[in-house]
Amino acid sequence: MFERLGAVVFHRRRVIALIGLLMLILAALWGGDVTKRLSSGGYYDPHSESVRAANAISDVLHLPSSDATVLFSAKEPITAPGPTRAITSALRSLPKTVVPSYVSYWNTGQRRLISTDGRATYVVLELAGSTDAEKGAALQVVKQRLATLAADGISVGYAGAQPLNKEISGQVSRDLKRAEALSLPATLVLLLVIFGSVVSAALPVVVGICGIIGAFAILRFLTIFTNVSIFAQNLVTMLGLGLAIDYALFMVSRFREEMTGTDDVATAVRRTLATAGRTVAFSGVTVMVSTASLTLFPEDFLRSMGYGGVAVVALDALAALTVLPAILAMLGRRVDALRLPWFGPRRRTAEAGPAEAGPAAAARGFWYRLARSVMRRPVLYALPIVALLVFMALPFRHVTFGGYTAKVLPADAPGRIVSETLARDFPGNETTPIQIVVEDFPNPVSLQDYVSRIAAVPGTVEPHVVAVRGNDALVEVGYHGDGISSEARHTLGLVRAVAPPPGSHVLVGGLTAFLVDQLHSIGRVLPWMLAVIAVAMAVLLFLAFGSVILPLKAIVMNTLSIAASFGAITWIFQEGHLARLLDFSPLGYLDATDPILLLAVVFGLSMDYEVFLLSRIREEWDLSAARRSEGTDPGERNTAAVAIGLQRSGRIITSAALLLIVVIGLFATSRITTLKLLGVGMALAIAVDATVVRALLVPAVMRLLGRVNWWAPGPLARWWATHGLRERIEAPEAEPIAAGGRADHR
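Under my numbering, read the sequence shown as residues 219 to 964, first letter to last.
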């Protein structure tokens, strides 16, 4: 199949390149303004009790939405005549078309809106508009009008959903630009060093541009139908450039191998797609399946990451299988044009594939010798490595999950400062209370009895009825501790356990309820996510390699890499180690969505490297069966196949990993804790996986398993022999390798 694709690409190379260019231009025109259409929310299950409670406050009780919280502070008591006159006048000046309603101390008389020291108050605003963009525009008008209070000695700060979302969006955009500005020069230098020529080093950039711009266009299209998180564009950039480098490096390296000693570009393109192209396709599918598992979750944030991941991986793979080989077909030997002085024919020949150089050339390589060394003492290598990975994973045993709050912003961010001031200076967490919607209560006495029973719950502070509309009411309850603390969660559980008034229905919401419901939602879907990934990977790897053992081994290897990275991020971000070095404020917990996102992305990337490695090992296993150059001992054939496969792919995998670490790792410079965590976590996982796991642990385990690596039950083996997704490449005449692994150079 891929060999036929190679023939088509070669004969239609100019048409394919032109179509790719036109599609790129259209995608750039359509997706150029995608950032303006992305949202900052979407962290909660829309069907959860807490979200339904929030909807009921608006739809049933018809209470205004709490879009923004404005904090007013003065050096004198905030209720003194001067501050009172200035603030009330400024609030009255806000047009109804901008702020339809607001809640303040002066229009409600509620003392809870005054700080404990009496020098600050907060006002809750409803902003006009039905979209984030419209509410954001209204917020700008509010800021302009209230800025005049500075002349009266009153400071004004903003928190709440809209101000924080706007601040986070702005910080994400700035972080993305900074990461790109830092990573692109470093990546280009590394590309030149690794590819060895200016022309070939530019090819991954072409693939990456196709994938990233195309994915932005798809995200722009999806915003018509659903909310898409602003963080999706960061994931698209990270994966888009990183996988473009992976795929281009694999394709270009194989094309160079096939061009060694020949000028037959058509055959080189055909064989490149038949081998490396097939591997890229399988790799793309595995990464897509892994990231697509995020769409199983009901939270828009995770679903958005799934959309972005699938889109950019699919387009990267498509560009690598069509546009890239079309360019290679037009370039031919000019792929090495503007070659750097240290990258010459000798180096390329040393890394040539079995079709040209045979196993004897591979035996002279570093990776071959390393693999042979590992496989001579597999237990001695495997046990310490597994112990190290398990040790790295141990901190994850003590992980604590929290919610997405203003603490993801830098400590000096205005929104975070205001949010922390509100939590500290106003008693009973009145700014983030537990909110209870009581629907269809029979009479006022039953409602008051319910409130009294809530007041008797340990940990509650001054429950009170905020609004009544017919037989529906809103009750707000303060509590001890901050909104995401274990104390607040315990109090919420006790409140939810209180029986509602007879014949009524109760919905309990608020910040703490959002977090508890989010954790429940993630816990409910997570087993399905794991099952989908495991089953899909097992099926795909069986179709690719014809073994039922290799998929199980791959899943175990990936699990070890991911567990180690989970332990590392817990140690760093929850416990606060390296906080000064990485410039962040320890939260004491991890956001519940972060490990889920890491799991999907890192599992896909780890499987990406596994497919690269196993494809070369399987190719050599099949070729050695045709040559019979290692004798009849399947164990030695397996050992030789692993060593030669690692030699053919080791440099490619480590080079691709290094480039991906640079691209992803620089997102650790973000001032948003979530992005910093993802950058650090992914970079650590890739570093561990591409070096310790792929270069050392995989050869050791495959040596211990021996011929069992390639085992499948008889019916499955016969089915795969007929229907398996592999290309049948003719075995070349090649110089044999002796059983000890040394080539005969007589």
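Ideal placement from N, C-alpha and C gives every residue a C-beta, glycine not left out.
| Item | Value |
| --- | --- |
| Is the distance from the Cβ of Leu357 to the Cβ of Leu367 below 8 Å? | no |
| Could you please give the first and the last residue of the uninterrupted beta strand (DSSP E) stretch that includes His682? | 678-687 |
| Under 8 Å, do Gly710 and Ile652 count as touching if we go by C-beta distance? | It is worth fixing the name first, because residue 710 is Leu in this sequence and not Gly. Closer than 8 Å, so yes. |
| Quick check on the DSSP output: the alpha helix (DSSP H) that includes Ala225 runs from which residue to which? | 220-229 |
| Count the other CB atoms, across all protein chains shown, that sit within 10 Å of the CB of Ala510; report buried if there are 16 or more and exposed otherwise. | buried |
| Are there 16 or more other CB atoms within 10 angstroms of the CB of Pro559, so buried, or fewer, so exposed? | exposed |
| Given Leu607, which residues of its chain have a CB within under 6 Å of its CB, disregarding the five upstream and five downstream residues? | Leu778, Ala782 |
| Would you identify the three-state DSSP class for Ala691, choosing helix, strand or coil? | strand |
| Where does Ile442 sit, in a helix, a strand or coil, going by DSSP? | coil |
| Ala397 to Thr892, Cα distance in whole Å? | 15 Å |
| Roughly how many angstroms lie between the CA atoms of Leu876 and Leu223, to the nearest whole one? | 30 Å |
| With Glu344 as the anchor, note down where its beta strand (DSSP E) starts and where it stops. | 338-344 |
| Which partner residues of Asp557 appear in the DSSP bridge assignment? | Per the sequence presented here, residue 557 reads as Arg, with Asp not at that position. According to DSSP, Arg557 bridges with Ser415. |
| Can you check DSSP and say which residues form a bridge with His723? | Glu657 |
| Can you list, in chain order, the residues of its chain whose CB lies under 8 Å from that of Glu705, leaving out five sequence neighbours each side? | Gly677, Tyr697, His698, Gly699 |
| Would Asp285 and Gln380 be called neighbours here (beta carbons separated by less than 8 Å)? | yes |
| Hey, how far is the Cα of Glu475 from the Cα of Leu461? | 21 Å |
| Assuming contact is defined by CB atoms lying nearer than 8 Å, are Val626 and Tyr376 in contact in what I supplied? | no |
| Would you report the Cα separation of Ile740 and Val528, rounded to the nearest angstrom? | 20 Å |
| What are the start and end residues of the beta strand (DSSP E) that includes Phe290? | 286-291 |
| What residues in its chain sit with their C-beta under 8 Å from that of Leu1003, if we drop five residues either side in the sequence? | Any question about residue 1003 goes unanswered here, given that the chain covers just 219 to 964. |
| Mind checking Met219: buried by the 16 CB within 10 Å criterion, or exposed? | exposed |
| Using the beta-carbon count (16 or more within 10 Å), is Gly932 buried or exposed? | exposed |
| Roughly how many angstroms lie between the CA atoms of Met610 and Val906, to the nearest whole one? | 11 Å |
| Just mark Val669 as buried or exposed, buried being the case when its beta carbon has 16 or more other beta carbons within 10 Å. | buried |
| List the whole-angstrom C-beta distance separating Ile430 from Val498, where the pair is believed to meet the contact cut-off of C-beta under 8 Å. | Wrong, their Cβ atoms sit about 17 Å apart, outside the cutoff. |
| How long is the line joining the alpha carbons of Asp658 and Val726, rounded to whole angstroms? | 15 Å |
| Am I right that Leu491 and Pro543 are in contact with their C-beta atoms under 8 Å? What's the rounded C-beta distance? | 6 Å |
| Whether or not the segment 858-873 and the segment 819-837 are in contact is what I'm after, with contact meaning three or more pairs of Cβ atoms, one per stretch, closer than 8 Å; do they touch? | yes |
| Among residues of its own chain, excluding the 5 on either side of Glu848, which ones have a beta-carbon nearer than 6 Å to its beta-carbon? | With a pLDDT of 48 at Glu848, under the threshold of 50, the modelled position of that residue is not reliable, and the figure given next carries that caveat. Once the five neighbours on either side are set aside, the close Cβ partners of Glu848 are Ser842, Glu854, Arg855, Ala858. |
| For Asp481, count the other beta carbons within 10 Å of its own beta carbon; 16 or more makes it buried, fewer makes it exposed. Which is it? | exposed |
| Contact between the segment 670-689 and the segment 414-431 is defined here as three or more beta-carbon pairs at a separation below 8 Å; is this criterion met? | no |
| Just tell me which of Arg231, Ile275, Lys254 has its CA closest to the CA of Ala966. | The structure shown does not extend to residue 966, since the chain spans only 219 to 964, so no value can be given for it. |
| Assuming Ala631 is part of the alpha helix (DSSP H), what are its boundary residues? | First-last for Ala631: undefined, no H or E at that position. |
| By a C-beta neighbour count over all protein chains shown, 10 Å radius and 16 as the cutoff for buried, is Val753 buried or exposed? | exposed |
| Note the first and the last residue of the continuous beta strand (DSSP E) segment covering Gly527. | Premise fails: Gly527 lies in the alpha helix (DSSP H), 518-539, not in any beta strand (DSSP E). |
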